[in-house]
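*Asks:* Below: one structure in structure tokens.
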Amino acid sequence: MDKVRLGRTEITVNKNGFGALPIQRVSMEEAAKILRKAYDNGVRLFDTARAYTDSEEKLGYALSDVREHIYITTKTMAENAEDFWKDLETSLQKLRTDYIDVYQFHNPPFCPKPGGEDGLYDAALEAKRQGKIRYIGITNHRLKVAKEAVQSGLYDTLQFPFSYLSSENEKELTVQCKEKDMGFLAMKALAGGLINQSALAYAFMNEYDNVLPIWGVQRESELDEFLSYQEEPPKFEGEIAARIAKDVDEFKGDFCRGCGYCMPCPAGIEINNCARMSLLIRRAVSANFLNEETQKKMKKIEGCVECGQCKSKCPYGLDTPNLLKKNYKDYKEVLAGKAI
């Protein structure tokens with residue numbers, strides 16, 4: 042079974058990190074069943090966030106009795122020290138624990154540092170001194186902020202989108218983290234659903250001995266796929282390598298990662314899905330993509346007022362309004378050729 046150490050931390054686990062964002066969409070008992078099955082099959086790191094509605098509560102409900110055998114990473118979107126402490130205390134209560142293994146600043150637009158007016162990093166240092174957190178981490182979708190965090194030497198871990206569709210600049214982040222002995226947690230290892238074969242994603246991740254993928258799991262069947270790779274991991278060779286190369290070629294250029302940081306849209310457009318709809322359809326044609334509800338969502342693109350808010354908020358610097366138009370044009374062409 043492949044193991045990975047999170048940089049200079051004392052955390053060493055297998056290559057299956059559990060991303061607990063999706064379990065907010067299922068019942069308490071169903072979430073507990075999935076979480077417990079993950080634990081029973083060797084998964085030891087569970088990633089959640091204060092922003093993921095009841096995800097922390099479900100994690101605490103399912104795993105509080107084995108707390109000393111697992112690692113919990115959670116996040117705060119606080120913008121000041123006061124809210125930092127509120128979030129931390131709430132997380133500790135919901136998770137039914139008295140400490141967080143890695144407490145992460147959740148996608149801040151800047152890199153918190155000691156002495157900052159926001160007081161965030163100083164609050165984290167104090168929480169660490171009190172034993173309420175063990176390590177300080179940061180998550181981001183902005184390459185500039187991520188690089189600054191790595192070079193600062195202030196953080197024990199970085200969580201960043203990473204998959205075989207990542208750019209060379211994004212892949213370089215993993216090298217920089219390794220050089221700094223900084224843990225790298227890979228979010229969106231399936232590229233927000235654009236990668237539809239988990240074996241390909243797993244094979245790619247195994248090429249990076251310092252990267253821990255955080256697989257978002259909502260269904261037991263999804264968990265079963267990742268668990269099956271623990272004893273016999275797929276290899277980055279032969280047909281798998283060829284399929285990955287084909288996908289990489291297909292996704293050259295700009296594409297929406299579906300992170301949702303451009304939202305909300307004043308025109309009511311569901312940007313994080315509509316701006317990548319043509320890609321989703323071609324990779325997994327589904328009645329859900331072509332039904333009346335989705336057609337109504339796509340039609341809202343006609344109401345785009347070109348305000349530029351989404352473009353200014355996109356952490357990848359995408360020309361979102363133009364991307365929406367391209368996807369809508371492509372969607373209508375695909376729709377015209379499909380029998381619904």
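Take the sequence shown: its position 25, counting from 1, is numbered 66 in the working numbering, and each next residue is one higher.
Note that beta-carbon positions come from the ideal geometry of N, C-alpha and C, so glycine has one too.
1) Looking at the secondary structure, which residues open and close the beta strand (DSSP E) in which ASP88 lies?
2) Taking contact to mean 3 or more Cβ pairs, one atom from each stretch, closer than 8 angstroms, check whether the segment 147-159 and the segment 204-222 are in contact.
3) Assuming TYR226 is part of the alpha helix (DSSP H), what are its boundary residues?
4) Bridge partners for ILE177 per DSSP, in chain order?
5) Using only the alpha-carbon positions, how far apart do PHE277 and GLU248 sit?
6) Please determine if the segment 284-299 and the segment 83-94 are in contact, where contact requires at least 3 C-beta pairs separated by less than 8 angstroms.
7) If you follow the alpha helix (DSSP H) that ARG216 is part of, which residue opens it and which one closes it?
8) Does DSSP classify THR361 as helix, strand or coil?
9) Going by CA-CA distance only, name the one from SER269, PRO63, PHE245, PHE125 that's closest to LYS99.
10) Determine contact between the segment 44-60 and the segment 115-132, defined as no fewer than three beta-carbon pairs at a distance below 8 angstroms.
11) Per DSSP, what kind of secondary structure is ALA380 in: helix, strand or coil?
12) On a CA-only basis, which of GLU211, GLU167, ALA165, THR94 is nearest VAL186? Give me that one, please.
13) Quick check on ASN82: does DSSP put it in helix, strand or coil?
14) By DSSP, does ALA61 sit in helix, in strand, or in coil?
15) Nearest to SER281 by alpha carbon, out of ILE236, VAL191, LYS219, GLU263?
16) Does the segment 350-364 come close enough to the segment 304-320 that 3 or more CB-CB pairs lie under 8 angstroms?
17) What residues match up with THR117 in a beta bridge as DSSP calls it?
18) Put LYS44 into one of helix, strand or coil per three-state DSSP.
19) Could you tell me if GLU272 is buried or exposed, where buried requires 16 or more neighbouring beta carbons within 10 angstroms of its beta carbon?
20) Please report the residue range of the alpha helix (DSSP H) in which VAL186 lies.
21) Can you tell me which of LEU129, TYR93, ALA79 puts its alpha carbon nearest to the alpha carbon of HIS110?
22) Go ahead and label PHE59 buried or exposed: buried means 16 or more other beta carbons lie within 10 angstroms of its beta carbon, across all protein chains shown.
23) If you count every other CB in all the chains shown that lies within 10 Å of the CB of MET69, and 16 or more means buried, which is it?
24) What's the call for GLY48, buried or exposed, on a 16-neighbour Cβ count within 10 Å?
25) For ASP43, tell me which candidate among VAL258, PRO254, LYS373 has the shortest Cα-Cα distance.
26) If the criterion is Cβ atoms closer than 9 angstroms, does the pair ARG298 and ALA232 meet it?
*Replies:* Looking at the coordinates:
1) 86-88
2) With contact defined as three or more Cβ pairs closer than 8 angstroms, the segment 147-159 and the segment 204-222 are not in contact.
3) Position check: residue 226 holds Leu in this sequence, whereas Tyr was assumed. Element bounds for LEU226: not the alpha helix (DSSP H) but the beta strand (DSSP E), 224-228.
4) TYR144
5) 8 angstroms
6) Here the segment 284-299 makes no contact with the segment 83-94; the two share fewer than three CB pairs at distances below 8 angstroms.
7) According to the sequence displayed, residue 216 carries Val and not Arg. That run of the alpha helix (DSSP H) goes 209-220.
8) Here THR361 sits in helix by DSSP.
9) In terms of Cα proximity to LYS99, the closest of SER269, PRO63, PHE245, PHE125 is PRO63.
10) no
11) Because ALA380 carries a pLDDT of 45, less than 50, the predicted location of this residue cannot be relied on, and the following value inherits that uncertainty. DSSP places ALA380 in coil when its eight states are reduced to three.
12) Considering only GLU211, GLU167, ALA165, THR94, the residue with the shortest C-alpha distance to VAL186 is GLU211.
13) Residue state, collapsed to three classes: coil.
14) coil
15) Note that residue 281 corresponds to Ile in the displayed sequence, not to Ser. Closest by alpha carbon: ILE236.
16) Yes, the segment 304-320 is in contact with the segment 350-364.
17) PHE146
18) Strand at LYS44.
19) By the 10 Å Cβ count, GLU272 comes out exposed.
20) 184-193
21) Answer by Cα proximity: ALA79.
22) buried
23) exposed
24) buried
25) PRO254
26) yes
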